[in-house]
Amino acid sequence: MAAAETYPDGLKYHPEHDWASIHGDEATLGVTWYAQDSLGELVHYEPPDVGATISKDNPYGEVESVKAVSDLIAPLSGEVLEVNDKVVEDPETVNEDPYGEGWLIKIRLSDITEPDRLLDVEAYRAHVAEL
Amino acid sequence: MKLIFERSQSGRRGSTIPIPELPVPKLPPGLLRREPPRLPELSEPELVRHFTELSTRTFGIDTGFYPLGSCTMKHNPRVNERAAALPGFRDLHPLQEEDGAQGALELMWRLQEILAEVAGLPAVSLQPAAGSQGELTGLMLMRAYFAERGEDERRRKIVVPDTAHGTNPASVAMAGYELSKVATDLRGNVEIEHLRELVDEGTAGLMLTNPSTLGLFDEQIEEIARIFHGAGALMYYDGANLNAVCGISRPGDMGFDIVHFNLHKTFSQPHGGGGPGGGPIAVRERLEPFLPVPAIVRDGDRFRLDHDRPKTIGRVRGFCGPFGVFVRSYAFIRMYGPALREMSEVAVLNANYLLARLRDGYELPFDRLCMHEFVLSARSLKREYGITALDVAKRLMDYGFHPPTIYFPLVVPEALMIEPTETEAKETLDAFVEAMLAIAREAAEEPETVKAAPTSRPVGRLDEVRAARRPVVRYGFSEHPDTGFRPADPRQLEAQKGA
Amino acid sequence: MSFLSLTDADRVAMLDAIGVASIAELFDDIPSGVRLGRQLELEPALSEPELMAHLEELAGRNIHAGAELSFLGAGIYDHYVPAVVDAVLQRGELLTAYTPYQAEMSQGVLQAIFEYQTAICELTGMEVSNASGYDGTTVAADACYVAKHATGRSTVVVCETVSPQVRQVIETYAPGFGLEVVEVGHRGGTTDPEDLRAASEGAACAIFQQPNFFGCLEPAPELAAAANDAGALPVAHVDPLSLGLLEAPGRYGCALAIGEGQGAGNHQSFGGPHYGFLAARWDYHRRMPGRIVGETLDAAGERGYVLTLQTREQHIRREKATSNITTNQTLLAIAGLVYLSWLGPQGLREVGETCLALSAYAKERLQAVGFELSFPNQATFKEFAVRVGRPAAEVVRLSRERGIHPGYALGRDHAGLDDALLVAVTEKRTRGDVDRLVETLTEVAGR
Chain A
258 MAAAETYPDG LKYHPEHDWA SIHGDEATLG VTWYAQDSLG ELVHYEPPDV GATISKDNPY
318 GEVESVKAVS DLIAPLSGEV LEVNDKVVED PETVNEDPYG EGWLIKIRLS DITEPDRLLD
378 VEAYRAHVAE L
Chain B
50 MKLIFERSQS GRRGSTIPIP ELPVPKLPPG LLRREPPRLP ELSEPELVRH FTELSTRTFG
110 IDTGFYPLGS CTMKHNPRVN ERAAALPGFR DLHPLQEEDG AQGALELMWR LQEILAEVAG
170 LPAVSLQPAA GSQGELTGLM LMRAYFAERG EDERRRKIVV PDTAHGTNPA SVAMAGYELS
230 KVATDLRGNV EIEHLRELVD EGTAGLMLTN PSTLGLFDEQ IEEIARIFHG AGALMYYDGA
290 NLNAVCGISR PGDMGFDIVH FNLHKTFSQP HGGGGPGGGP IAVRERLEPF LPVPAIVRDG
350 DRFRLDHDRP KTIGRVRGFC GPFGVFVRSY AFIRMYGPAL REMSEVAVLN ANYLLARLRD
410 GYELPFDRLC MHEFVLSARS LKREYGITAL DVAKRLMDYG FHPPTIYFPL VVPEALMIEP
470 TETEAKETLD AFVEAMLAIA REAAEEPETV KAAPTSRPVG RLDEVRAARR PVVRYGFSEH
530 PDTGFRPADP RQLEAQKGA
Chain C
151 MSFLSLTDAD RVAMLDAIGV ASIAELFDDI PSGVRLGRQL ELEPALSEPE LMAHLEELAG
211 RNIHAGAELS FLGAGIYDHY VPAVVDAVLQ RGELLTAYTP YQAEMSQGVL QAIFEYQTAI
271 CELTGMEVSN ASGYDGTTVA ADACYVAKHA TGRSTVVVCE TVSPQVRQVI ETYAPGFGLE
331 VVEVGHRGGT TDPEDLRAAS EGAACAIFQQ PNFFGCLEPA PELAAAANDA GALPVAHVDP
391 LSLGLLEAPG RYGCALAIGE GQGAGNHQSF GGPHYGFLAA RWDYHRRMPG RIVGETLDAA
451 GERGYVLTLQ TREQHIRREK ATSNITTNQT LLAIAGLVYL SWLGPQGLRE VGETCLALSA
511 YAKERLQAVG FELSFPNQAT FKEFAVRVGR PAAEVVRLSR ERGIHPGYAL GRDHAGLDDA
571 LLVAVTEKRT RGDVDRLVET LTEVAGR
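Read top to bottom, the protein sequences are chains A, B and C. According to our numbering, the first sequence holds residues 258 to 388 in order. According to our numbering, the second sequence holds residues 50 to 548 in order. According to our numbering, the third sequence holds residues 151 to 597 in order.
See below:
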């Protein structure tokens with residue numbers, strides 16, 4: 258069952274429709290409601306390897322629906338600590354719960370000032386409204 | 050219906066095999082098969098019923114109108130099948146000595162001559178197996194050409210428009226080139242100013258379909274040629290849409306250096322549920338030395354295969370290419386002769402007639418006369434009634450038509466790409482128009498009917514998400530997932546007969 | 151023109167509806183500088199009877215398999231194609247449909263492809279098959295592309311005993327793929343697993359052929375193990391008609407199994423169109439080139455078939471696609487399915503045994519009259535190389551004057567094997583045919 262449109266407070270957003278939840282020098286990353294809605298029902302998640310380095314604004318993995326492939330754009334830079342195997346196994350988890358069970362990776366930030374350059378929820382909502 | 054493996058009964062068979070009264074030697078035990086493959090076991094009558102039932106659940110050109118844009122689904126003359134089945138063609142071994150294959154070699158040589166005239170380019174290789182292999186072969190020729198000139202290392206870019214078939218960028222990657230995308234302008238032509246910015250001495254070439262996948266002839270083709278040739282780059286013509294311009298405008302005259310033909314589109318090889326095709330290429334003199342081997346050449350009144358081409362890119366598939374496809378296309382062309390021009394004229398007339406009659410029911414993103422196909426958009430139906438291009442396509446099935454190509458080209462939202470071809474009668478085109486207009490009305494008045502379509506086919510809309518998430522790509526025998534298979538009810542069987 | 155359906159009155163009415171005065175006006179967008187402005191210089195149109203007469207004349211100048219007693223193989227074989235195959239292929243719905251983009255219109259062809267995929271997986275012991283490649287050469291290039299992306303490595307190893315045409319096609323494709331090709335020589339007709347192991351260090355894949363081009367049986371399980379040891383994907387190029395007798399590549403550790411399908415249900419047709427098959431272990435299903443059909447349900451729970459895993463393909467992934475292939479060889483692959491279903495497991499075994507018995511008989515008779523085998527210590531299946539004591543090309547010419555095509559002169563692509571004749575014996579040949587071959591060779595090359 259697809260989730261209803263929401264953009265939680267307290268997350269940081271990237272204009273390419275990714276969110277980041279910051280805890281100290283670690284962050285959990287995922288895609289927003291808008292991203293999963295425009296892709297449609299996800300059928301595959303191609304995650305990065307644990308230990309890989311990802312860099313802000315560059316692709317770190319892919320998600321697929323039946324008729325589309327979309328790069329996952331890293332909202333922040335860092336080292337991959339963990340991949341959400343539940344999403345690898347059941348990609349629809351992202352459609353059902355994009356901010357909870359449907360998180361994609363956890364990283365250790367390489368630059369703890371980077372989150373300051375992301376959008377807050379108000380700015381992201383405004384960005385989505387313009388699309 | 051049952052899978053052939055579900056029809057199988059141990060102990061049945063369809064084949065009779067000669068068994069010589071000779072000992073069967075023992076093979077090394079380590080190489081022997083331990084368990085036999087679980088191939089189906091059926092008697093011949095069961096086999097015939099199975100495949101006949103499969104055929105009735107398939108819609109071909111023989112069944113009805115098939116306006117699948119970009120695929121040129123024209124009638125396949127039956128004489129072509131008879132020709133390809135002549136034992137002298139069908140049962141000829143490709144390694145037969147040349148004196149025992151003169152008729153086959155002559156047919157291929159004659160086809161080369163014809164294709165050279167249609168392309169306006171002098172040298173032809175029939176070898177590529179399909180359009181996409183023709184593309185890749187063409188790009189390999191570019192590399193060989195520039196390598197000889199010492200320019201391969203700097204000429205790394207191939208320019209491809211955003212309207213191109215997906216095969217173009219995929220071929221660019223497989224040839225080891227970098228892709229450079231050019232935009233489309235408001236008239237549906239290549240955006241010339243963007244092109245000027247992109248093309249420089251690092252450019253190897255252009256891949257262009259003309260008319261484009263929008264069904265529009267690029268009005269600035271001469272300027273495009275000046276830009277590429279001025280930069281020392283080459284031009285590749287994707288022949289997918291050649292059906293629009295045979296005998297009217299030739300790729301070689303437009304400035305292209307390499308062309309591929311889709312014999313299964315323009316020259317009527319039956320599409321066979323996905324193939325076979327044929328993708329011969331024609332090139333300018335300066336590229337001829339690099340063509341694949343073997344070349345088919347004429348020496349006086351004899352024909353032979355020439356393998357001795359020192360600059361060749363090599364071989365791109367086995368033997369001389371899909372010969373049976375050549376027989377059919379050669380037969381087709383010989384029945385037209387110079388009137389191939391009329392073939393293209395009528396293809397364009399049919400398309401413009403459909404366009405004229407449909408333009409009020411659907412959005413027309415590029416308002417021009419079209420060539421052999423055109424692209425409509427269901428965007429307003431989607432915005433106003435929630436009816437998408439996919440819904441329109443599925444509903445067309447209930448009216449007895451194969452849907453057009455949808456969601457392509459990518460530059461048009463909710464695209465419906467319609468190619469009637471020259472072989473259709475006006476009554477058929479009129480019936481299709483009535484169906485399309487009826488669906489547009491249904492979208493407003495009873496959208497749920499459109500959303501529920503198709504209801505007249507052996508199955509309803511299939512769950513593609515399920516298929517992709519948990520792929521089942523072969524029969525699993527006793528472990529096969531229970532997908533709820535049940536025999537079709539009599540009502541559905543009736544519907545199949547109308548397939 | 152009989153392939154056009156518009157009457158003159160139709161044309162007038164249609165031009166009127168469009169709002170133009172003539173067909174010529176429809177082409178106004180084409181700049182005058184690029185118009186042909188004359189008729190195509192093609193020979194005049196032929197009526198259907200004239201066309202058939204012309205084509206019969208051309209076909210009559212070919213010496214086909216029914217016109218001389220042929221032992222020619224080397225990749226394309228004169229196996230029997232049952233009548234039921236031709237009958238199914240002439241069903242107009244299957245013949246004139248295209249790629250099943252619209253599943254509800256195409257359940258028949260989709261199910262046939264699903265059944266074909268299953269049959270190929272059964273034959274090869276693999277877990278996923280595509281809907282076909284162009285032929286037995288291009289699927290080898292496809293396998294290299296799969297292996298390159300699966301391993302990130304940049305060399306491919308190919309045994310010298312693989313068909314020369316397959317090797318040539320790999321050589322043609324390799325530079326674009328950024329791959330270097332390393333060849334492994336043979337020792338007495340087959341490949342030494344230690345040679346393959348050494349060459350495969352750091353390679354993306356290692357390709358061998360079973361039975362190999364010389365007809366010899368490779369130590370295939372050892373070759374696959376050697377490639378696996380070196381971290382290269384083992385790829386077996388196999389003859390489908392051998393797989394009733396010989397072990398399936400999936401059962402001895404291969405990552406991919408590929409091959410030429412012609413012998414299984416396609417006429418020779420001077421080299422095409424035929425089908426190439428490509429099957430793999432499940433690990434590589436997202437790297438597969440080309441169409442794949444999957445099973446699913448409709449909204450009412452009815453079983454049905456669709457093109458699936460399409461995000462691999464060019465129309466979605468474009469420059470990042472696993473291949474550029476779109477039009478494939480579906481009709482020929484369906485011929486393969488009909489043929490394999492006609493055979494069944496028992497028939498497949500019998501065809502193999504008949505070929506094996508007849509070719510063993512031919513070997514024995516030839517040796518009895520004094521000919522030596524080119525690779526005397528090797529087991530073979532349906533094809534073998536024999537030394538004819540003089541250039542084999544000459545022996546071919548002299549035999550053909552006597553109505554027999556005795557086989558392929560291996561010297562055409564193998565230096566040092568000028569006196570070797572590659573003889574293929576299918577189930578269509580008889581003991582009497584083999585006797586005639588032996589007599590003829592004795593006459594033209596006997597000692």
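Ideal Cβ placement from N, Cα and C applies to all residues, glycine included. Just so it is clear, the structure is predicted and the values come from calculations on it, not from any experiment.
Within the same chain, Thr311 and Ser313 come within 6 Å of Phe363 of chain C by CB-CB distance, once the 5 residues on both sides are set aside. Residue state for Ser104 of chain B is assigned as helix, using DSSP reduced to three classes.
Sixteen is the threshold: when 16 or more other Cβ atoms of the shown chains lie within 10 Å of the Cβ of Lys314 of chain B, as they do, the residue is buried. Scanning the stretch 398-469 of chain B for uninterrupted beta strand (DSSP E) segments of 3 residues or longer gives 423-426 and 464-467, listed from N- to C-terminal end. A check of alpha carbon separations from Glu146 of chain B across C:Glu193, C:Gly242, C:Glu218 and C:Gly283 identifies C:Glu218 as the nearest. For Gly187 of chain B, the uninterrupted alpha helix (DSSP H) segment begins and ends at Gly180 to Glu197. The straight-line gap separating the alpha-carbon atoms of Phe427 of chain C and Gly283 of chain C is approximately 6 Å. As for any alpha helix (DSSP H) of minimum length 4 sitting wholly inside the stretch 189-258 of chain B, the runs are 216-223 and 241-247, ordered along the chain. Distances from the CA of Lys269 of chain A to each of A:Val378, A:Val345 and A:Gly359 were compared; the closest alpha carbon is that of A:Val378.
Listed by position along chain A, the residues whose Cβ is nearer than 8 Å to that of Ala438 of chain B form an empty set, because the closest Cβ is around 12 Å away. Residue contact check for Glu298 of chain A against chain B: a CB pair falls below 8 Å. Contact note: Glu321 of chain A reaches chain C through Thr461, using a C-beta cutoff of 7 Å and chain order. Within the DSSP bridge table, the entry for Ala172 of chain B names B:Val332 as partners.
Contiguous alpha helix (DSSP H) elements confined to the stretch 273-301 of chain A occur at 290-296, taking only those with 4 or more residues.
Between Thr472 of chain C and Met438 of chain C, the gap from beta carbon to beta carbon is short of 8 Å.
The three-state secondary structure of Asp348 of chain B, taken from DSSP, is strand. With the rule of 3 Cβ pairs closer than 8 Å, the stretch 170-187 of chain B counts as touching the stretch 328-346 of chain B.
If you draw a straight line from the Cα of Ala324 of chain C to the Cα of Asn527 of chain C, it is about 34 Å long. Taken in chain order, the whole beta strand (DSSP E) runs of length 3 or more contained in the stretch 504-584 of chain C are 533-537 and 570-574. Residue pairing for Asp448 of chain C: DSSP places it in a beta bridge opposite B:Leu511. Interface residue (Cβ-Cβ distance to chain C less than 8 Å): Gln58 of chain B is not classified as such. Take Gly60 of chain B, set aside five residues on each side of it, and the residues of its chain with a beta-carbon closer than 8 Å to its own are Glu90, in chain order.
Note on geometry: alpha-carbon atoms of Tyr286 of chain B and Leu393 of chain C lie some 43 Å from one another. Per DSSP, Phe310 of chain B is one residue of the beta strand (DSSP E) stretching across Ile307 to Phe310. Cβ-Cβ distances below 8 Å link Glu272 of chain B to Ile241 in the same chain, with the five nearest sequence neighbours on each side left out; the list follows chain order.
Between Val514 of chain B and chain A, the shortest Cβ-Cβ separation is below 8 Å. Per DSSP, reduced to three states, the secondary structure at Ala380 of chain C is coil, with no helix or strand assignment. Comparing alpha-carbon positions, the option among C:Val234, C:Gly225, C:Asp345 and C:Leu395 lying closest to Arg317 of chain C turns out to be C:Gly225. Assignment of Asp287 of chain B by DSSP, reduced to helix, strand and coil, places it in the strand class.
Boundaries of the beta strand (DSSP E) harbouring Lys363 of chain A: Ile362 to Leu366, taken from the DSSP string. Distance check between Glu130 of chain B and each of C:Leu201, C:Leu222 and C:Arg552 places C:Leu201 closest, using alpha-carbon atoms only.
By the 16-neighbour rule on beta-carbons within 10 angstroms, Glu184 of chain B is buried. Within the DSSP secondary-structure output, Phe358 of chain C pairs in a beta bridge with C:Ala386. Against chain C, the CB of Ala284 of chain A has no partner CB under 8 Å away; the residue lies outside that interface.
In the same chain as Asp275 of chain A, and ignoring 5 residues on each side of it, the C-beta atoms closer than 8 Å to its own belong to Leu286, Gly287, Val288, Thr289, Ala292, Leu329, Ile330, Ala331 and Pro332, in chain order. With a cutoff of 8 Å on beta-carbon distance, Pro541 of chain C and Thr590 of chain C are scored as not near each other.
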